[in-house]
Amino acid sequence: DYPKWPSLARESILNVPMDLRSVRLSIDGKVIDYGAEIDSVVITGMGGSGVVGDLLSDLCWFWDCRVPIIVSKNMRLPRRLSRPLVIAISYSGNTAETIMSANEALSRGYPVIGITTGGKLSAVLSGKGVPVVLIPKASAPRYGLPALLYPALIILERFGIASVTNELESGITGIENALKHVDDAVNLARQLVDSIPVVWVTESRRGVGIRFKNDLNENAKYYSVISVVPEGAHNDIAAVITKQGCLKHVAIMGPSDYEGLYEEVLIDVISSFGARPIIVKLEGKTPLETEIYGVTYLGIVTLALAELLGVEPVSTEPIDRLKNLLN
Ligand code: PA5
Numbered sequence: 004d005y006p007k008w009p010s011l012a013r014e015s016i017l018n019v020p021m022d023l024r025s026v027r028l029s030i031d032g033k034v035i036d037y038g039a040e041i042d043s044v045v046i047t048g049m050g051g052s053g054v055v056g057d058l059l060s061d062l063c064w065f066w067d068c069r070v071p072i073i074v075s076k077n078m079r080l081p082r083r084l085s086r087p088l089v090i091a092i093s094y095s096g097n098t099a100e101t102i103m104s105a106n107e108a109l110s111r112g113y114p115v116i117g118i119t120t121g122g123k124l125s126a127v128l129s130g131k132g133v134p135v136v137l138i139p140k141a142s143a144p145r146y147g148l149p150a151l152l153y154p155a156l157i158i159l160e161r162f163g164i165a166s167v168t169n170e171l172e173s174g175i176t177g178i179e180n181a182l183k184h185v186d187d188a189v190n191l192a193r194q195l196v197d198s199i200p201v202v203w204v205t206e207s208r209r210g211v212g213i214r215f216k217n218d219l220n221e222n223a224k225y226y227s228v229i230s231v232v233p234e235g236a237h238n239d240i241a242a243v244i245t246k247q248g249c250l251k252h253v254a255i256m257g258p259s260d261y262e263g264l265y266e267e268v269l270i271d272v273i274s275s276f277g278a279r280p281i282i283v284k285l286e287g288k289t290p291l292e293t294e295i296y297g298v299t300y301l302g303i304v305t306l307a308l309a310e311l312l313g314v315e316p317v318s319t320e321p322i323d324r325l326k327n328l329l330n
């Protein structure tokens with residue numbers, strides 16, 4: 004799927020309806036006006052779909068986003084919302100948590116937009132006249148990431164939340180650059196064999212860390228831990244003195260993630276206690292390019308790891324069983 008990501012990103016932009024702001028619905032006696040002012044964006048979704056919220060939330064550390072992005076990976080929505088736009092993302096459209104939270108949003112009278120390949124989410128939303136962005140299929144939800152992320156970016160643009168148009172192409176450059184680093188990715192994967200990776204990221208790169216952890220879990224069937232700094236420098240860091248041989252520290256570093264000498268000092272301290280972190284430098288000229296480079300490159304690392312371990316990367320039986328039982 005990865006080599007198809009550039010075209011998947013471009014293709015899926017075209018599926019976003021032009022006239023989103025003119026939608027006006029009446030559901031259970033409540034008028035939902037998509038043209039009205041909003042004061043937050045809630046992204047609801049799970050796993051490979053929900054990570055879109057984490058990535059957008061990262062990007063808003065670098066962009067001038069007009070309203071907060073709230074990431075909601077739950078069956079319900081946060082109680083204290085005033086005038087949110089809710090973007091419900093489920094690749095399959097059959098994730099119970101996402102369907103429940105989208106229904107809750109509609110019952111509270113919030114504008115909702117679905118992003119999915121179909122399934123129940125599409126049926127439920129379309130049946131009520133709610134706009135749905137239908138996206139092309141991939142081998143599994145997480146392998147369709149650009150098809151989930153790019154429509155969400157366009158929605159932010161259409162609702163005046165962030166100006167993304169000028170960066171869209173750079174995101175695709177990020178994918179293409181990561182695809183040129185497959186050999187490095189395989190080397191990194193080799194270093195992770197027989198370890199529990201501890202992933203160090205900044206607060207503004209949390210989404211990349213979460214995606215790496217999720218891909219390690221789902222592709223390589225591997226446990227992993229994330230330490231988000233600077234907070235992690237006030238708790239997780241105390242555990243680097245541990246002699247649990249299975250831990251392997253990986254520090255992910257984007258071009259403008261750290262202030263001043265923070266990066267050097269952090270690595271110095273971790274190393275001086277014997278942790279020897281593997282440093283992954285993210286490349287990119289724009290925030291979107293860096294972010295997408297990161298998730299693509301690290302995703303390839305997890306696929307390489309799966310291959311080294313002789314693990315089949317696509318299937319995720321425990322997730323499927325849970326989803327089926329909840330449906
Ligand atoms: O990538 C995966 O396969 C999972 O993390 C799924 O994304 C997760 O189970 C949610 O399913 P969906 O994306 O279909 O809503």
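So in our numbering, spot 311 of the sequence shown is number 314, and the numbers just go up one at a time. Cβ coordinates follow ideal geometry from the N, Cα and C atoms, glycine included. All of these numbers come straight from a predicted model, not from anything done at the bench.
Asked: Under 8 Å between the Cβ atoms of Val136 and Ile118?; Found: yes
Asked: Using 10 angstroms around the beta-carbon of Ala105, count the other beta-carbons present and answer buried if the total reaches 16, otherwise exposed.; Found: buried
Asked: Identify every residue that forms a DSSP beta bridge with Gly117.; Found: Ala91 and Val135
Asked: Does the distance from the C-beta atom of Ala141 to that of Leu308 stay below 8 Å?; Found: no
Asked: For the 8 Å Cβ check, are there 3 or more pairs between the stretch 71-83 and the stretch 168-177?; Found: no
Asked: For the alpha helix (DSSP H) containing Val185, list its first residue and its last residue.; Found: Val185 to Leu195
Asked: Can you give me the C-alpha to C-alpha distance between Ala241 and Ser259, rounded to a whole angstrom?; Found: 25 Å
Asked: Which one of Val317, Ala236, Leu291 and Leu152 has the shortest CA to CA distance from Glu14?; Found: Leu152
Asked: What does DSSP give as the partner residue(s) for Thr205 in the beta ladder?; Found: Val232
Asked: Thinking Gly96 and Ser125 are a contact (beta carbons under 8 Å), I'd like their distance in whole angstroms, please.; Found: 5 Å
Asked: With 16 as the cutoff for other CB atoms within 10 Å, does Asn238 come out buried or exposed?; Found: exposed
Asked: Scan the stretch 235-300 and note each continuous alpha helix (DSSP H) run of 4 residues or more that stays entirely inside, going in chain order.; Found: 265-275
Asked: Is Arg145 near ligand 1, in the sense that its beta carbon is under 7 Å from a heavy atom of that ligand?; Found: yes
Asked: Can you find the residues in the same chain that come closer than 6 Å, C-beta to C-beta, to Trp8, ignoring five residues on each side of it along the sequence?; Found: Pro149 and Ile178
Asked: Exposed or buried, which one is Met49 when buried takes at least 16 other CB atoms within 10 Å?; Found: buried
Asked: Near Arg161, what residues of its chain come up, given a Cβ to Cβ distance below 7 Å and the 5 sequence neighbours on each side ignored?; Found: Leu23 and Arg24
Asked: Just to confirm my understanding: we take Leu285, look at its own chain, exclude 5 residues before and 5 after, and list those with CB closer than 6 Å. What are they?; Found: Gly257, Thr293, Tyr296 and Gly297
Asked: Does the stretch 194-210 come close enough to the stretch 313-323 that 3 or more CB-CB pairs lie under 8 Å?; Found: no
Asked: Could you tell me whether the Cβ atoms of Ala254 and Ile270 are closer together than 8 Å?; Found: yes
Asked: Considering just the uninterrupted stretch of the alpha helix (DSSP H) at Arg324, what are its terminal residues?; Found: Glu320 to Leu329
Asked: Considering only residues of the same chain and omitting the five flanking positions on each side of Ile16, which have a CB-CB separation below 6 Å?; Found: Tyr153 and Ile157
Asked: Please list, in chain order, all residues of the same chain as Glu107 whose beta carbon is under 7 Å from its beta carbon, the five residues on each side excluded.; Found: Arg79 and Leu80
Asked: Tyr226: buried (16+ other C-beta within 10 angstroms of its C-beta) or exposed?; Found: exposed
Asked: Report, in whole angstroms, the separation of the C-beta atoms of Ile303 and Ala188, which I expect to be a contact under 8 Å.; Found: 4 Å
Asked: For Arg83, which three-state DSSP category applies?; Found: coil
Asked: Nearest-angstrom Cα distance between Leu264 and Arg111?; Found: 47 Å
Asked: For Ile102, which residues from the same chain have a beta carbon less than 7 Å from its beta carbon, with the 5 sequence-adjacent residues on both sides left out?; Found: Lys123, Leu124 and Val127
Asked: Short of 6 Å in beta carbon distance, which residues of its chain neighbour Asp4, apart from the five on each side in sequence? Order them along the chain.; Found: Ala141, Ser142 and Tyr146
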